[in-house]
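Colleague:
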Amino acid sequence: MKKEKYGLKIYLKRHKVAITFYILFLLIGAICAGIFTVIMANCITAISSGEFSNGLNLLVVALIVEILKEGGYWIANILYFKYSNIIWREISVDLTKRSFELSSSVFGENKTGSFTQRILDDPEDIIDKLADIVENMTTLLTGAIVIIYILVLNWIIGLCYVVILTFLYFIENKRQKVKKKNLTEMKKATDNSQSLINEIIKSEKDIRSLNLEKELYDTASKNLRINEKAHIKTNSTECHFWSFRSIVLAIFSMLILILGVVLMQKDLFTISLFLIVFTYKSQVESFVWSYGKIYGSITDISVAEMRMFSLYNEEYYETEKFGNKNLDYIEGKIEFKNVEFAYSRVEEQKVKGKKVKEKIKLVQTKNEPIFKDLSFSIEPNTTVAFVGRSGSGKSTIASLIAKLIDADNGQILIDGNDIKDLSKQTIRNNISMINQFPYIFDMSIKENLLLAKKDATDEELWRVLKQACFDEDVKNMPNSIDTNVGETGIKLSGGQRQRLAIARALLKDSRIIIFDESTSNLDNFAQKHIQQSIENLKGQHTVIIIAHRLSTIKNVDKLYFLKNGQINGEGNFDTLFNTNQEFQNMFTIETI
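Our numbering applies: residue 9 is where the sequence shown begins, and numbers increase by one.
So this is what it looks like as C-alpha cells:
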C-alpha cells in the first residue's frame with residue numbers, strides 16, 4: 009500500500025502557478041529596488057560632478073523604475089492575500105479531518121489546546137512566516153545588489169562587508185539552534201495554558217457551585233506563569249542575540265566610514281563614492297536583518313510544521329482502523345468472544361540520538377487488563393443493561409461495541425461479522441452512543457438534528473422528537489424547532505440535551521443505540537422522560553444501557569452484572585435480584 013504523503017510542500021505544489029507569479033512580481037519589485045539604488049547612486053555621482061542634465065535623466069529613469077517596483081509589490085500582495093487564506097483553510101480542514109481519523113485514546117492522552125494550536129494557530133503562523141521569507145528575500149536581493157555594486161566601486165570596502173556578513177552568519181546559526189529549542193518548549197507551555205483555560209470556561213457552573221474559584225485561579229496562575237517564563241526565555245534570548253548583532257553591525261558601520269575617510273586621504277576613494285557608501289549602508293544593514301528574519305522564519309515554520317503534521321505520525325498518534333466490509337443492513341446481534349482489553353498510556357523516554365546527545369521519544373505501554381476472556385451475547389432488538397460498581401468496565405464495553413477502542417485479543421462480532429472487518433460507514437451508521445454529557449452544537453434544534461441526516465423532512469424531524477419525548481418541549485420554545493440552543497446546548501436542561509441526542513440517533517436510524525450512564529445526573533422528572541424514550545425504542549432497536557442508577561433498568565430484557573472485568577451474573581431484573589447477593593446489596597443501598 010502506498011504511503012500517504014503529507015507536509016507543507018503538498019499544499020504549496022497545489023498552488024504552484026499562483027505562488028510562482030507571487031514570487032515573480034516580488035522579484036520584479038526587489039530587482040527594481042536594487043536598480044533604483046544603483047541609479048540614485050549614479051545620480052548622486054553625476055550631480056556632485058556638476059553633470060546636472062545627466063542627473064535629471066537618471067531621476068526620470070529612477071521614477072519609472074520606482075513605479076515598476078510598487079506595481080510588482082501591489083500585484084504580489086493581491087496574490088498573497090488571496091492564496092495565503094486558501095492554503096490556511098486547506099491545511100486546517102485537512103488537519104480537522106485527520107483529527108476525526110485518530111483513535112479516541114489519542115484525545116484522552118493529549119490536551120485540547122494542543123489540537124487547537126495545531127489546527128488553527130500553527131497553519132496561520134506558517135502562512136505568515138512564508139510571506140516574511142519571500143518579502144525578506146526581496147530585501148536580501150536588494151542588499152546583495154548594493155553589496156556587489158560597492159565591490160565594483162571599491163573592492164576593499166566591499167571585502168570588509170563580506171567579512172562581517174560571514175561573521176554574522178555564524179552568529180545567526182547559533183541563534184536559530186537556541187531558538188528552535190526554546191520555541192518548542194514555549195509552544196508546549198501555550199498548549200497547556202490554553203487547554204486549562206478552555207476547561208475552566210466550559211465548566212464554570214461546576215466551578216461556581218463547588219466553590220473552586222480559588223483553586224482553579226491558583227492552577228491557572230501557575231500554568232500561565234510557566235507559559236510566561238517560557239515566552240520570556242524565548243524572547244529575551246532573541247533580544248540578546250539581536251542586540252549583540254546590532255552592536256557588532258553599528259561598530260562595523262562606523263569602522264567602514266572611518267576606513268572610507270582613510271582611503272580618501274590616500275586618494276583611493278572619492279567623496280562621491282563615500283557619499284554612496286554612507287547613503288546606502290542602511291541597505292547593507294537591511295541585508296543582515298533580512299537574513300536573520302528569513303532564518304528565524306524558517307525555524308518557526310520548521311517547529312509549526314513538525315507539530316502540525318505529527319498528527320500523521322502513527323507512532324505517536326494512533327488512528328482508527330476499519331475493515332472494508334460494507335453491510336447495507338444489520339439486525340443488531342452482538343457477541344463478545346474471549347475479549348481481552350487494557351488501556352494504554354504514553355510515556356516520555358530519553359534516548360540517544362545520532363545528531364544530538366539526547367532526545368525524547370514517546371513510548372506506548374499497556375496498563376493492567378480490564379477484561380480477560382470476556383464473553384457474552386446480545387440478541388437483536390432487545391434491551392440489555394450492564395451494571396456494576398464504578399471501575400468494573402461498563403463504559404469500556406460500550407466503547408468497544410461502538411469501536412471507539414479496539415480489543416487486544418478475542419473477537420467482537422456484529423451479526424456474526426468481526427467488527428474489525430467492518431467498514432467505518434457500516435459501524436458509524438448503525439451504532440450510536442448517547443453518553444452522560446452528549447455534545448450539542450451551537451445551532452438550532454433543527455440544525456443539530458440535520459447533522460444526522462441532512463435531507464430529513466420536517467415530518468421526520470418531528471417524528472423522532474416525539475419518539476424521544478421532546479416534541480412538546482420544542483413546541484413551547486420561542487422559535488420552536490428553529491430555537492438556538494447555545495454552545496454545548498447550554499440553553500437546554502440536562503434532560504432536554506439527552507432527549508435531543510436520542511432524537512438525533514433515531515434520525516440516523518441506528519440499529520444499535522448505547523446509553524452510557526445517560527441518566528446519572530438527571531432529576532427524577534427528566535429521568536422519567538428518558539426512560540419513556542428508551543421504552544419507545546424497545547423491539548425496534550438493540551438498546552444497550554450502561555447503568556448508574558439501578559432503578560432505570562427494571563424493565564430491560566436482560567441484565568449483566570460486572571465484577572472485576574467479568575460477568576458475575578446475568579438474567580432479568582427479578583432473576584438477578586434473587587440470585588446475586590452483591591447486585592441485591594447495590595439495589596437495596598440505592599433504595600434506602
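C-beta: ideal position from N, C-alpha, C; glycine also.
Name the DSSP beta bridge partners of residue 569, please?
Modeller: In the DSSP output, where bridge partners are listed per residue, residue 569 has 395 and 577.
Colleague: Rounded to whole angstroms, what's the CA-CA distance from residue 477 to residue 504? Just pull it up for me.
Modeller: About 9 Å.
Colleague: Could you name the residues that DSSP lists as bridge partners for residue 345?
Modeller: Answer by DSSP bridge pairing, in chain order: 419.
Colleague: Note down the Cα distance separating residue 346 from residue 573, rounded to an integer number of angstroms.
Modeller: If you take the alpha carbons of residue 346 and residue 573, they lie about 12 Å apart.
Colleague: Based on the DSSP output, what are the partners of residue 379 in its beta bridges?
Modeller: Partner(s): 349.
Colleague: Taking the beta strand (DSSP E) that residue 550 falls in, what are its first and last residues?
Modeller: Element bounds for residue 550: 550-554.
Colleague: Thinking just about the alpha-carbon of each residue, which of 286, 290, 231 and 193 is nearest to the one in residue 243?
Modeller: Among 286, 290, 231 and 193, the Cα nearest to that of residue 243 is on 193.
Colleague: Here's a check: name, in chain order, each residue in its chain whose Cβ is nearer than 6 Å to the Cβ of residue 339, leaving out the five neighbours to either side.
Modeller: Excluding sequence neighbours, residue 339 sits near 388 and 423.
Colleague: Let me check understanding here. Comparing Cα to Cα, which of 463, 456, 33 and 343 lies closest to residue 78?
Modeller: Residue 33 is the option with its Cα nearest to residue 78.
Colleague: So residue 439 and residue 518 are supposed to be a Cβ contact under 8 Å. How far apart are they, rounded?
Modeller: Residue 439 to residue 518, Cβ: 6 Å. Contact.
Colleague: Do you know offhand how far residue 264's Cα is from residue 317's?
Modeller: The straight-line gap from Cα to Cα measures roughly 47 Å.
Colleague: State the Cα-Cα distance for the pair residue 48 and residue 290, rounded to the nearest angstrom.
Modeller: Taking the straight line joining both Cα atoms gives about 14 Å.
Colleague: Our contact map puts residue 378 next to residue 401 with C-beta atoms below 8 Å; I'd like the distance itself, whole angstroms only.
Modeller: Residue 378 to residue 401, Cβ: 5 Å. Contact.
Colleague: In angstroms, rounded to a whole number, what distance separates the CA positions of residue 552 and residue 321?
Modeller: Their Cα atoms are separated by approximately 35 Å.
Colleague: Between residue 41 and residue 223, what straight-line distance do the alpha-carbon atoms span, to the nearest angstrom?
Modeller: Distance between the alpha carbons of residue 41 and residue 223 is about 58 Å.
Colleague: Name the two residues that bound the continuous alpha helix (DSSP H) containing residue 136.
Modeller: 130-161 is the extent of the alpha helix (DSSP H) around residue 136.
Colleague: Where do the N-terminal and C-terminal ends of the alpha helix (DSSP H) with residue 89 fall, by residue?
Modeller: Residues 60-109.
Colleague: Of all the options 160, 582, 497 and 385, which has the alpha carbon lying nearest to the alpha carbon of residue 285?
Modeller: It is 160.
Colleague: Kindly indicate which three-state DSSP category residue 492 falls into: helix, strand or coil?
Modeller: Strand, per DSSP.
Colleague: Who are residue 440's beta bridge partners in DSSP?
Modeller: BP columns for residue 440 point to 521.
Colleague: Please list, in chain order, all residues of the same chain as residue 480 whose beta carbon is under 7 Å from its beta carbon, the five residues on each side excluded.
Modeller: Correct list: empty, nothing qualifies.
Colleague: Decide if residue 366 is buried, meaning its Cβ has at least 16 other Cβ atoms within 10 Å, or exposed.
Modeller: Its pLDDT being 45, under 50, residue 366 is placed unreliably in this model, and the value from its coordinates should be taken loosely. When all chains shown are included, residue 366 counts as exposed.
Colleague: Applying the criterion that 16 or more other CB atoms from any shown protein chain within 10 Å of the CB defines a buried residue, is residue 275 buried or exposed?
Modeller: Answer is exposed; the Cβ neighbour count stays below 16.
Colleague: Runs of 4 residues minimum, wholly inside the stretch 246-298: which ones carry the alpha helix (DSSP H) assignment?
Modeller: Counting whole runs of 4 or more residues, the stretch 246-298 contains the alpha helix (DSSP H) stretches 279-287.
Colleague: Taking 8 Å as the threshold (C-beta atoms), are residue 507 and residue 460 in contact?
Modeller: Cβ distance not < 8 Å, so residue 460 and residue 507 don't count as in contact.
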